[in-house]
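As given, the protein sequences belong to chains A and C, one line each in that order. Per the working numbering, residue 560 is the first one in the first sequence, and the count goes up by one each step. Per the working numbering, residue 560 is the first one in the second sequence, and the count goes up by one each step. Positions of the beta carbon are idealized from the N, C-alpha and C atoms, including for glycine.
Number of protein chains: 2
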Amino acid sequence: MADGPTINTIAERAGVSIASVSRVLNGLPTRQETVRKVMAAAEELGYVRNAVARSLKSRRTNQVAFAMADIGNPVYLAMVRQIQPVLKAAGYRLVLHSTDAIAADEIDVLHSLGERYVDGLIMSPLRVTGAHLDTLKAARAPVVIIGQVPEGTRVDNVRADSRTGVKLALDHLHALGRRRIALVNGPLDTVPGAARAAAYAEALDALGLPYDEELVEIGDFYRPDGVRAVAALLARRPDVDALMCANDLIALGALDVLRASGRRVPGDVAVVGMDDTDLAAASWPSLTSVSLGSAERGKAAAELLLDRLQHGEREPRLVTVPPRLVVRASTSGREPALPYDTPQEGGGR
Amino acid sequence: MADGPTINTIAERAGVSIASVSRVLNGLPTRQETVRKVMAAAEELGYVRNAVARSLKSRRTNQVAFAMADIGNPVYLAMVRQIQPVLKAAGYRLVLHSTDAIAADEIDVLHSLGERYVDGLIMSPLRVTGAHLDTLKAARAPVVIIGQVPEGTRVDNVRADSRTGVKLALDHLHALGRRRIALVNGPLDTVPGAARAAAYAEALDALGLPYDEELVEIGDFYRPDGVRAVAALLARRPDVDALMCANDLIALGALDVLRASGRRVPGDVAVVGMDDTDLAAASWPSLTSVSLGSAERGKAAAELLLDRLQHGEREPRLVTVPPRLVVRASTSGREPALPYDTPQEGGGR
DNA sequence: TTGTAAGCGTTATCAG
DNA sequence: CTGATAACGCTTACAA
């Protein structure tokens, strides 16, 4: 772990100036003989370019940050999995920030762009406050936001379409003959919670079904919350015949309760999850789920940022990723044949 | 995105030298009046310290890298989830590398430490070759290896104990009265694959059970491989009464096949997975699994690295994390009561 | 083609 | 207490 050699060390050793060393190292036109000497010296010394000094001069770090609420969340994980290879291919490193959905932390990250330790940022905030927008406007590096932002916000933006997603699910359930379709939602003061509530009402309306307050239950976005919410729902409306759950974890909790109450899925109650995480394919019965394209959103965000990094100023872009309904046994009653093609779920060595 | 202010900008504005600005910014003894002027100027200009210039001078980046095969793998994910907060609390940023288990990529990462863009590295290689060890020896920054390394390798090291882990599982199955316990393993040329094969033989021996080649099946570490392997196993030995699977994904595949073949779990065949990922709690029946402490290993690695970063040279340390058997329905037949306490599985908003 | 020297934004030394 | 000034390691005019 001795101090590494610098271009000075090489210059001495090769008997040339540091400028020549730099030129050779950067492939600029140089006399053959000099190239040879420099390369030899670099080789012998095990020289490696100092990225920090380079960055100071070039004003580029070749690093990009991704800030999300929690890396343990399968949705963000799916994003990271796509973002990483795109950046890597373009020669960028990925710096990860986990903000625990704390607004102050998110704003900190935006602010810290001023430190110039990254060339750009991809951020997926759970709520977007005025403070977010102010800091965003003053951000010292390009930012891509994944998620809803107020109309007119001048920023590259990637969105899911949970409105259409919920509609896909409700249409599917309706086509299966379900008429008492409940919504098991997360908190309404989050962007996704609010979006799903609105979409549910809208989709019901389009189907000509009445909106019934008793069929809506709200908890948090985790499995035990799903258990509680669905237990309450069943007590209130034992005749419910379908559950639209705001994410897969809630849906897993729903499956638990339905099983415990002796109901068959989908015979008595059909269940749809959301996000189409790995858990949906792992559960039994396997879970029909609305994919909001987390992977695609991650990829799109990375590409948007790279484009901005390469082309500088341009009009902000909006990419909306279409949702997709992945039908599995919790609504169709049919498990996939064996041996099936599971999508790569990530290894487990 | 205009060029940010530097200490020069502030110095001009405040009518002092850059040295004074630096002193104020670093809290060194300075006259009150000067402090005031500098702070005011910094405030007005929205000054933020340039991390790159700082690093060049201080020779510290406050960044640490974590290199793993694939962030999508739940095992590495569990590590990242622990590593991140430990580093964050100590003021370090996390740079993520995904090497796809390609040795050349891993060696690249080790080599790139010479670029000095991070202060240290945590690495979890799937196989450790001679080239790894050579590069490791010459590494220009502290490294912590998660996983087995040859005896005598002078490096901070964190290990799982899959030997004991397999033994825990087999003892459990034996206590339940199972006597024809199969091993569904991954490739033998990986470190975990080899370790599990050896541990299986050893544990059988300790129990006084014969080693039966027909009860061992090898595939890869994914769910479809589990499906294939267990189908072959059942065809050969329909009397098998327990499956020790080398990871949870394989075990999920096993559950699929058993279900399709009309066997009850655990009535006819008990199943144990390994790694205790989120999927184990999500499956039905829920999966008994051997936790190899991925989370703890991640945490230990981060702490080891931080200690080395703070205290410099010292003897390399070895931390071995004990395994833990998490008993669920696939062996006990009992699902947890509702509403249960699920460990935080990561959200899903 | 090559070397000298300036500068990227900080920190730190050393006189005043 | 403060201000010049020299690094940190690299890139890049500009001159030779």
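Check whether residue i and residue j have beta carbons under 8 Å apart
i, j, result
"Asp835/A", "Ser845/A", "no"
"Leu655/A", "Leu655/C", "yes"
"Phe780/C", "Ile809/C", "yes"
"Ala861/C", "Val880/C", "no"
"Leu672/C", "Ala698/C", "yes"
"Ile569/A", "Ala610/A", "no"
"Leu742/A", "Val786/A", "no"
"Leu817/C", "Arg782/C", "no"
"Ala841/A", "Ser842/C", "yes"
"Val607/A", "His670/C", "yes"
"Val708/C", "Ala762/C", "no"
"Leu865/C", "Ala649/C", "yes"
"Asn585/A", "Ile577/A", "no"
"Ala813/A", "Arg640/A", "no"
"Arg686/C", "Thr749/C", "yes"
Nonlocal neighbours in the same chain, by C-beta distance under 8 Å from residue i, ignoring five residues either side
i, result
"Asp678/A", "Arg619, Thr620, Asn621, Gln622, Val623, Tyr651, Ala700, Pro701 and Leu868"
"Leu863/C", "Val703, Asp715, Val717, Arg876 and Val878"
"Gly711/C", "none"
"Glu603/A", "Arg572"
"Val575/A", "Thr593, Lys596 and Val597"
Contact set for residue i: own chain, Cβ-Cβ below 6 Å, skip 5 residues either direction
i, result
"Ala888/C", "Pro844, Ser845 and Glu894"
"Asp723/C", "The question names Asp, but residue 723/C in the sequence shown is Thr. Result list for Thr723/C: Pro882, in chain order."
"Asp665/C", "In the sequence on display, residue 665/C carries Glu and not Asp. So the qualifying residues of the chain are Thr658 and Pro684."
"Pro902/A", "For Pro902/A, the predicted structure reports a pLDDT of 37, less than 50, and the residue's modelled location is therefore unreliable. The matter cannot be settled from this model."
"Ile777/A", "Asn744"
"Ile705/C", "Ser683, Val717, Arg856 and Ala860"
"Asn806/A", "Phe780, Met833 and Asp834"
"Gly892/C", "Pro825"
Environment of residue i [buried if 16+ CB atoms lie within 10 Å]
i, result
"Asp688/C", "According to the sequence as given, residue 688/C is Thr; it is not Asp. With fewer than 16 other Cβ atoms within 10 Å, it is exposed."
"Ile661/C", "exposed"
"Pro684/A", "buried"
"Lys696/C", "exposed"
"Ala839/C", "buried"
"His731/A", "buried"
"Glu571/A", "exposed"
"Asp815/C", "buried"
"Asp784/C", "buried"
"Leu653/A", "buried"
"Leu587/C", "exposed"
"Tyr770/C", "exposed"
"Asp764/C", "exposed"
"His870/C", "exposed"
"Gly852/A", "buried"
"Ala728/A", "buried"
"Glu874/A", "exposed"
"Glu872/C", "exposed"
"Ala663/A", "exposed"
"Asp562/A", "exposed"
"Asp837/C", "buried"
"Ala788/C", "buried"
"Gly905/C", "Residue placement at Gly905/C is poorly supported in this model, since its pLDDT is 38, which falls under 50; the coordinates are not used for a value here."
"Arg737/C", "buried"
"Ala719/A", "buried"
"Gln643/A", "buried"
Cβ-based neighbour list, residue i, same chain, cut-off 7 Å, excluding 5 preceding and 5 following
i, result
"Ala753/A", "Leu747"
"Glu773/C", "Arg795 and Arg796"
"Ser820/A", "Leu793"
"Tyr676/A", "Thr620 and Gln622"
Cβ-heavy atom distance, residue i to the ligand ATP, below 7 Å
i, result
"Ala626/C", "Of ligands this structure carries none, so the ligand ATP is not represented either."
Any chance the region 608-619 of chain A sits against the region 629-637 of chain A, with 3 or more Cβ pairs inside 8 Å? no
Using a Cβ distance threshold of 8 Å, determine whether the region 795-807 of chain A contacts the region 821-836 of chain A, with at least three qualifying pairs required. yes
Would you say the region 753-760 of chain A touches the region 786-794 of chain A, given that touching needs at least three Cβ pairs under 8 Å? no
Unbroken stretches of the alpha helix (DSSP H), 4 residues or longer, contained in the region 725-790 of chain A: 750-766
Unbroken alpha helix (DSSP H) runs of length 4 or more, entirely within the region 662-716 of chain C: which are they? For the region 662-716 of chain C, whole alpha helix (DSSP H) runs of length 4 or above, ordered along the chain, are 662-671 and 689-696.
Segments of 4+ residues assigned as alpha helix (DSSP H) that fall wholly inside the region 599-665 of chain C: Segments of the alpha helix (DSSP H) lying fully in the region 599-665 of chain C: 610-617 and 633-648.
So within the region 855-900 of chain A, which uninterrupted alpha helix (DSSP H) runs reach at least 4 residues, ignoring any that extend past its ends? 888-891
Write down every uninterrupted run of the alpha helix (DSSP H) in the region 790-860 of chain C whose length is 4 residues or greater and which is fully enclosed by it, in chain order. Complete alpha helix (DSSP H) runs here, min 4: 807-819 and 837-841.
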